[in-house]
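Numbering (the numbering used here), first residue to last: 126 to 243.
C-beta: ideal position from N, C-alpha, C; glycine also.
One structure below.
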């Protein structure tokens, strides 16, 4: 089944659930701020996305500034540090992330990303 990592306070996240509803997609909702993903889950999602942790990090969040993320390296050696930060501070995770039943995934922040789910 498709799953959406959802923050109901986020307009892009609400737009994604609306899209899924209108498309008739059966999905489950994970309120990832209330039920944060583990580091292992993040690694799996990153693999499905074909992305690195810095690709899905909300660097404009205050916690990112407090952690000094803008100065962190973006190499394979730095990967675990980023993943641990996302697991500890789920607010840093871009939203919404849609995990499809066929093993795909997309950060559904715009219409093009949403259409890729069709």
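| query | result |
| --- | --- |
| Delimiting residues of the alpha helix (DSSP H) encompassing residue 169 | 164-174 |
| Residue nearest to residue 208 in terms of C-alpha spacing, selected from 234, 236, 238, 163 | 163 |
| Rounded straight-line distance, which links the Cα of residue 161 to that of residue 176 | 19 Å |
| Exposure of residue 222, with buried meaning 16 or more beta-carbon neighbours within 10 Å | buried |
| Residue from 139, 127, 133, 171 with nearest C-alpha to residue 150 | 127 |
| Residue interval of the beta strand (DSSP E) (run including residue 197) | Where residue 197 is concerned, there is no enclosing beta strand (DSSP E), given that its DSSP letter is neither H nor E. |
| Same chain, Cβ closer than 8 Å to residue 133, neighbours up to 5 away in sequence not counted | 139, 156 |
| For residue 224, three-class secondary structure by DSSP | strand |
| Simplified DSSP assignment, three categories, for residue 156 | coil |
| Beta-carbon spacing of residue 216, residue 158 below 8 Å | yes |
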